[in-house]
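Protein chains: 2
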Amino acid sequence: MGVRKERSASTLAALKEAAKEQFVERGYLNTKITDITRAASRATGSFYEHFGSKDDLLRALEQDMYRQAGESLSGQHPADHDLTDAVQLRAHVAAAWETMRDNLPVVVALHESAIVGGSEPAYAWQNLADGTRVLREHLEFLRDRGHHLPGDPELIAAAMGAMLSGLGYALLRAGGAGRSDEEVIDGLTALLLAGLQG
Amino acid sequence: MGVRKERSASTLAALKEAAKEQFVERGYLNTKITDITRAASRATGSFYEHFGSKDDLLRALEQDMYRQAGESLSGQHPADHDLTDAVQLRAHVAAAWETMRDNLPVVVALHESAIVGGSEPAYAWQNLADGTRVLREHLEFLRDRGHHLPGDPELIAAAMGAMLSGLGYALLRAGGAGRSDEEVIDGLTALLLAGLQG
DNA sequence: GTCTATACCGGGATAGAC
DNA sequence: GTCTATCCCGGTATAGAC
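Here the protein sequences line up with chains A and B, keeping their order. In terms of this note's numbering, the first sequence has 164 at position 164, counting the first letter as 1, and numbering is strictly consecutive. Convert by adding 198 to the 1-based position in the second sequence; the result is the number in this note's numbering.
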């Protein structure tokens, strides 16, 4: 995603690439349409030939991400996973972290967009609860099997999700700040594991 | 902070109150200067008699918060606290949560402002690391005493901070979504405690 | 489809009367 | 200090030539 001398074949693709570049560098909210077109070496007007607005572009990128991430993100994910098992918990943390890392521009943009998106006070919570639905289901599965959890599944799932997304947003945008993915994934797993075991 | 029929004695105070009202309702970024003046039943121009900009107002509110919160927030906080002790950890979680709750408008505004504030990619991380300095020092204190932590103090502190602030922002803006402070504080404490004990 | 030029507008900020 | 009226700018979006 560095500086490309050769023009991309399609302007659509060039705009998407440029947008991703800019979202990481400047953040989504700080990126202007003209920043994107300039980075793509295209005229301002061309943007609107392909997208109706910046939000429209973001939704397109979001779809691209879901499509390429396949079922692991959007698809149905079996609820019968045991998060009190070190291996399984680590796998979930790793999957989330790596997805964020591999789709950082879109993750960053969605994170920021969610803040401005809804004016209603409850919007952020709704968003967080929705985004951690799978996690919540895993916890409910455990609870229904008689396991003792540190708190209500929805709450604990939201807390874990806030941790993941907040840390990911900050740390990954900073290029990891010299930390390996391994270190982060292991640290988060170790921090959460014992608490989930109750 | 409800609808006040009587005009506040001072316009300065009225603007601050109105701003806090609006920040919770609309979010900081979505609040226009005119939203604030209208809510305070003052003219647009009056705003600039008291503040140079919206950010200037936020800084004033931030100072108010620090002043009234006293040393517990801004002041020096002894590093020799044992976060692996259930009572002490709970006290820290409770203090953070209650501070967020009691200063929700400012917390919301600062949270959003931090996103737009710095354009540099590393800004958010810097911010998070700074905001969890005290927590990090507690963890370093433990490590230096030979305690085994789930990961690097700065990383773990940042993770805990992201969880607290992310959850606080979302849940408190939603009015708690029917949850008591107790439930949240107990849940977070239970989730983190065992992991910190190693 | 892409370009240049420009219209348009929200919203921050100011001028000047009271 | 507060008001009304207005300016002004950044940024989105469009018009129309190529």
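The beta-carbon is built from N, C-alpha and C at its ideal position, and this holds for glycine as well.
Closer than 8 angstroms, CB to CB, is residue i near chain B or not?
i, result
"A:Trp125", "yes"
"A:Ala159", "yes"
"A:Met100", "no"
"A:Tyr121", "The amino acid occupying residue 121 of chain A in the given sequence is Pro; Tyr does not appear at that position. True, the Cβ-Cβ gap to chain B drops below 8 angstroms."
"A:Glu62", "no"
"A:Arg173", "yes"
"A:Leu139", "no"
"A:Leu128", "yes"
"A:Ala170", "yes"
List, in chain order, every chain A residue whose beta-carbon is nearer than 9 angstroms to that of residue i.
i, result
"B:Asp384", "Pro150 and Gly151"
"B:Gly225", "Ile115, Val116, Gly118, Ser119, Pro121, Tyr123 and Ala124"
Report the neighbours of residue i on chain B: residues whose CB is nearer than 7 angstroms to its CB, in chain order.
i, result
"A:Ala95", "Chain B residues near A:Ala95: none, gap ~17 angstroms exceeds 7 angstroms."
"A:Gly195", "Ala388, Leu389, Leu390, Leu391, Ala392 and Gly393"
"A:Ala109", "Going along chain B, no residue has its Cβ under 7 angstroms from A:Ala109, so there is no contact; the nearest lies around 12 angstroms."
Along chain A, in chain order, which residues have C-beta atoms closer than 7 angstroms to that of residue i?
i, result
"B:Ala284", "The contacting residues do not exist; B:Ala284 stays about 12 angstroms from chain A at best."
"B:Gly329", "Simply none; closest approach about 10 angstroms."
"B:Asn228", "Val116 and Ser119"
"B:Glu215", "Within chain A, no residue comes near B:Glu215; the closest Cβ sits about 17 angstroms away, beyond 7 angstroms."
Let me see if you follow: with CB-CB separation under 8 angstroms, is residue i close to chain A or not?
i, result
"B:Gly376", "no"
"B:Ile313", "yes"
"B:Met361", "yes"
"B:Val222", "yes"
"B:Leu365", "yes"
Please report the straight-line C-alpha distance between residue i and residue j, rounded to a whole angstrom.
i, j, result
"B:Lys230", "B:Asp254", "14 angstroms"
"A:Ala86", "A:Arg38", "47 angstroms"
"A:Gln22", "B:Ala320", "14 angstroms"
"B:Tyr246", "B:Gly316", "24 angstroms"
"B:Leu390", "B:Leu362", "11 angstroms"
"B:His397", "B:Ala238", "As displayed, chain B neither begins before 199 nor continues past 396, which places residue 397 of chain B out of reach and without an answer."
"A:Ile115", "A:Glu140", "28 angstroms"
"A:Ala174", "A:Lys20", "15 angstroms"
"A:Gly178", "B:Asp350", "12 angstroms"
"A:Asp80", "A:Gln63", "27 angstroms"
"A:Gln197", "A:Ala94", "19 angstroms"
"B:Leu287", "B:Ile383", "10 angstroms"
"A:Glu182", "A:Asp82", "21 angstroms"
"B:Asn325", "A:Gly176", "14 angstroms"
"A:Glu145", "B:Leu302", "Strictly speaking, residue 145 of chain A in this sequence is Arg, with Glu absent from that position. Taking the straight line from one Cα to the other gives about 38 angstroms."
"A:Ser10", "A:Ala18", "12 angstroms"
"B:Arg265", "B:Gln274", "14 angstroms"
"A:Ser180", "B:Leu227", "34 angstroms"
"B:Lys252", "A:Lys54", "25 angstroms"
"A:His138", "A:Glu120", "29 angstroms"
"A:Thr34", "B:Leu308", "28 angstroms"
Cβ atoms of residue j and residue i: under 8 angstroms apart, would you say?
i, j, result
"A:Leu167", "B:Ala392", "no"
"B:Gly385", "A:Pro150", "yes"
"B:Trp323", "A:Ala170", "yes"
"A:Leu172", "A:Arg101", "yes"
"A:Ala157", "A:Thr189", "no"
"A:Glu154", "A:Arg143", "no"
"A:Gly45", "A:Glu112", "no"
"B:Ala241", "B:Phe249", "no"
"A:His147", "A:Thr84", "yes"
"A:Val106", "A:Met65", "yes"
"A:Leu15", "A:Ile36", "yes"
"A:Val24", "A:Val108", "yes"
"B:Thr297", "B:Ala267", "yes"
List, in chain order, every chain B residue whose beta-carbon is nearer than 8 angstroms to that of residue i.
i, result
"A:Ile156", "Gly385 and Leu389"
"A:Glu112", "Ile313"
Taking C-beta pairs closer than 9 angstroms, name the residues in chain B that residue i reaches, listed in chain order.
i, result
"A:Gly45", "What A:Gly45 touches in chain B: nothing, since even the nearest Cβ is about 25 angstroms away."
"A:Leu89", "The contacting residues do not exist; A:Leu89 stays about 11 angstroms from chain B at best."
"A:Glu183", "Gly349, Asp350 and Leu353"
I want to verify the contact list: residues of chain A whose CB lies under 8 angstroms from the CB of residue i, in sequence order.
i, result
"B:Tyr246", "Going along chain A, no residue has its Cβ under 8 angstroms from B:Tyr246, so there is no contact; the nearest lies around 25 angstroms."
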